[in-house]
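All remarks here apply to the structure that follows.
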Amino acid sequence: MKAVRIIKANDLQIVEMEKPVIGGEQNVLVKMKAAGICGSDVGIYHGTNAAATYPRVIGHEIVGVVEEVGPDVTKVKVGDRVIIDQVTACGHCYACSKNRPNVCGNLQVRGVHIDGGYREYIAVNETDCYLLPDTLSDEDAVMIEPTTIAVQCCSRAQLEKEDSVLIIGAGALGSSILRIVKLYQPRKIIVADIDDAKLEEALKAGATDVVNSKTEDLVKRCHELTDGYGPTVSIDAACVKGSLLNALEATGNAGRVITMGFSVAPDEVNQFVITSKELDVRGSRLQNRKFQTVIDLVKEGKIDLTGSISHRFHFLDAQKAFDLVDSRDPSIRKIVLTFE
7 MKAVRIIKAN DLQIVEMEKP VIGGEQNVLV KMKAAGICGS DVGIYHGTNA
57 AATYPRVIGH EIVGVVEEVG PDVTKVKVGD RVIIDQVTAC GHCYACSKNR
107 PNVCGNLQVR GVHIDGGYRE YIAVNETDCY LLPDTLSDED AVMIEPTTIA
157 VQCCSRAQLE KEDSVLIIGA GALGSSILRI VKLYQPRKII VADIDDAKLE
207 EALKAGATDV VNSKTEDLVK RCHELTDGYG PTVSIDAACV KGSLLNALEA
257 TGNAGRVITM GFSVAPDEVN QFVITSKELD VRGSRLQNRK FQTVIDLVKE
307 GKIDLTGSIS HRFHFLDAQK AFDLVDSRDP SIRKIVLTFE
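Using our numbering, the first residue of the sequence shown is number 7, and each one after it goes up by one.
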């Protein structure tokens, strides 16, 4: 079978691999149908993702159809359309014992530490398969995975209706977070970005206020919008130089600041801004068994995952897709690789 493999930074190749055989733990064979391109995939391609190992078949937003199952499989059957959990955990370390396998001490993420879904077939455990709603196409279903990241983020933030929320970044991640934050019906949802077009979209998607952090003082404006107190929850979905400090300075006393980024570049942060307001600064990584939560939200009509796909490429044209990402074309929203 053919696969997209990153050999090293900036070296993407179409390679031949052995078709996987099911057995033991990997007891379900899935024929790939669609896979999304995520910012972390781009980071692996460019060598800026500190967690990745090479060479690597990337891809973790992965949708397919079950082609073969082992004799003891009960969760899925041949012909089922599924999305695959990207997290594999050991089950016995400290994090796993605290029901947090997404930060397992021996974590292996598909497409990062072990081979992912940019290939024609993948073998996985049945527990990692989630049945797709009939209302979602294979392509739109790739949006389930980024939405799980947003659900995890809001869970870590312990959002409540009394909160005022700041989301820094209105890109793909920030937009997904906004979609979930809305469900909590907080007092305010402030979205900050440097792109007016994205901010306009955020207003249409449910933000109560927007701030162009390139032309406005983000901290000052957030205080003005919250009667001087500051947001009680700030989510850094941008992870650019200065964004974390902005989040810390904007957030009001006893608030929570959620970090999403994986940058290893040093940045300015001081303890006073955290200690003086007794802020909770919490990382949010991947997702902790949130796939069914998102699928149920889709079924209940509480979220709409259609209409986010802006570009489609056959997976053998993956280089063209990544070149488009690098062009920073403003029309890009979500790019999907197809396998038919």
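Where is the CB? At the ideal position from N, CA and C, for every residue including glycine.
Self-check item: Beta carbon of Leu292 nearer than 8 Å to that of Ile155
Solution: Closer than 8 Å, so yes.
Exercise. Mind checking which residues open and close the alpha helix (DSSP H) that includes Ile301?
Key: Taken as a continuous stretch (DSSP letters only), the alpha helix (DSSP H) holding Ile301 covers Phe297 to Lys305.
Quiz item: Nearest CA to the CA of Tyr60: which residue from Lys39, Phe345, Asp47 and Tyr100?
Solution: Of the listed residues, the one whose Cα sits closest to Tyr60 is Asp47.
Quiz item: When the distance is taken between beta carbons, is Ala58 closer than 8 Å to Ile68?
Solution: Pairing Ile68 with Ala58 gives a Cβ-Cβ distance that is not under 8 Å.
Quiz item: Ends of the alpha helix (DSSP H) at Asp332?
Solution: That run of the alpha helix (DSSP H) goes Ala324 to Ser333.
Practice problem: With DSSP collapsed to three states, give me the class of Arg227. | Solution: The answer is helix: DSSP assigns Arg227 an H, G or I state.
Quiz item: Excluding five sequence neighbours on each side, which residues of the same chain lie with their C-beta closer than 6 Å to the C-beta of Glu274?
Solution: So the list reads Leu251, once near-sequence residues are dropped.
Quiz item: Under three-state DSSP, which class holds Val109?
Solution: Three-state DSSP puts Val109 in a helix.
Quiz item: Out of curiosity, what's the CA-to-CA distance linking Lys308 and Glu145?
Solution: Answer to the nearest angstrom: the Cα atoms are 19 Å apart.
Quiz item: Where does Leu205 fall in DSSP's three states?
Solution: When secondary structure is reduced to three states using DSSP, Leu205 falls in the helix class.
Quiz item: Could you give the distance in angstroms between the alpha-carbon of Glu230 and the alpha-carbon of Leu165?
Solution: Their backbone Cα atoms lie some 21 Å apart in a straight line.
Exercise. Determine, using beta carbons only, whether Ser240 and Leu172 come nearer to each other than 8 Å.
Key: Contact: yes.
Quiz item: Hey, quick one: how far does the beta strand (DSSP E) through Thr344 stretch, first residue to last?
Solution: Looking at the DSSP string, the run of the beta strand (DSSP E) that includes Thr344 is Lys340 to Thr344.
Self-check item: Proximal residues to Thr94 (C-beta, below 6 Å), its chain only, five neighbours per side dropped
Solution: Result list for Thr94: Gln114, in chain order.
Quiz item: From the DSSP output, which residues share a beta bridge with Ser170?
Solution: In the DSSP assignment, Ser170 is bridged to Lys194.
Quiz item: So does the segment 130 to 138 actually touch the segment 75 to 83, counting three or more Cβ pairs closer than 8 Å?
Solution: A contact exists between the segment 130 to 138 and the segment 75 to 83.
Practice problem: Could you tell me the distance, in whole angstroms, from the CA atom of Thr257 to the CA atom of Thr214? | Solution: Their backbone Cα atoms lie some 17 Å apart in a straight line.
Quiz item: If we count the other Cβ atoms within 10 Å of its Cβ and call it buried at 16 or more, is Tyr124 buried or exposed?
Solution: Residue environment for Tyr124: buried (at least 16 other C-beta atoms within 10 angstroms of its C-beta).
Quiz item: What residue ranges within the segment 54 to 120 form continuous alpha helix (DSSP H) runs of no fewer than 4 residues, ordered along the chain?
Solution: Runs of the alpha helix (DSSP H) spanning 4 or more residues and lying entirely within the segment 54 to 120 occur at 100 to 103, in chain order.
Quiz prompt | N- and C-terminal bounds of the beta strand (DSSP E) containing Asn252 | solution = Taken as a continuous stretch (DSSP letters only), Asn252 belongs to no beta strand (DSSP E), being part of the alpha helix (DSSP H) at Ser249 to Ala256.
Practice problem: Give me the Cα-Cα distance between Val304 and Gly180, rounded to the nearest whole angstrom. | Solution: Taking the straight line joining both Cα atoms gives about 19 Å.
Exercise. Identify whether Lys210 lies in helix, strand or coil by the three-state DSSP scheme.
Key: Under the three-state reduction of DSSP, Lys210 is assigned to helix.
Quiz item: Span of the alpha helix (DSSP H) holding Ser44?
Solution: The residue asked about is misnamed: residue 44 is Cys in this sequence, not Ser. Premise fails: Cys44 is in no alpha helix (DSSP H) and is neither H nor E.
Quiz item: Among Asp332, Thr232 and Asn55, which one has its Cα closest to the Cα of Asp169?
Solution: Selected option, being the one with the closest Cα: Thr232.
Exercise. For Thr153, count neighbouring Cβ atoms within 10 angstroms of its own Cβ and tell me buried if that reaches 16, exposed if not.
Key: Thr153 comes out buried.
Self-check item: Which of helix, strand or coil DSSP assigns to Phe321
Solution: Phe321 falls in the helix class under three-state DSSP.
Exercise. May I have the straight-line CA-CA distance separating Gly29 from Gly289, to the nearest angstrom?
Key: Looking at the two C-alpha atoms, the distance is approximately 36 Å.
Quiz prompt | Distance between His320 and Lys39 (C-alpha atoms, nearest Å) | solution = Rounded to whole angstroms, Lys39 and His320 show a C-alpha spacing of 10 Å.
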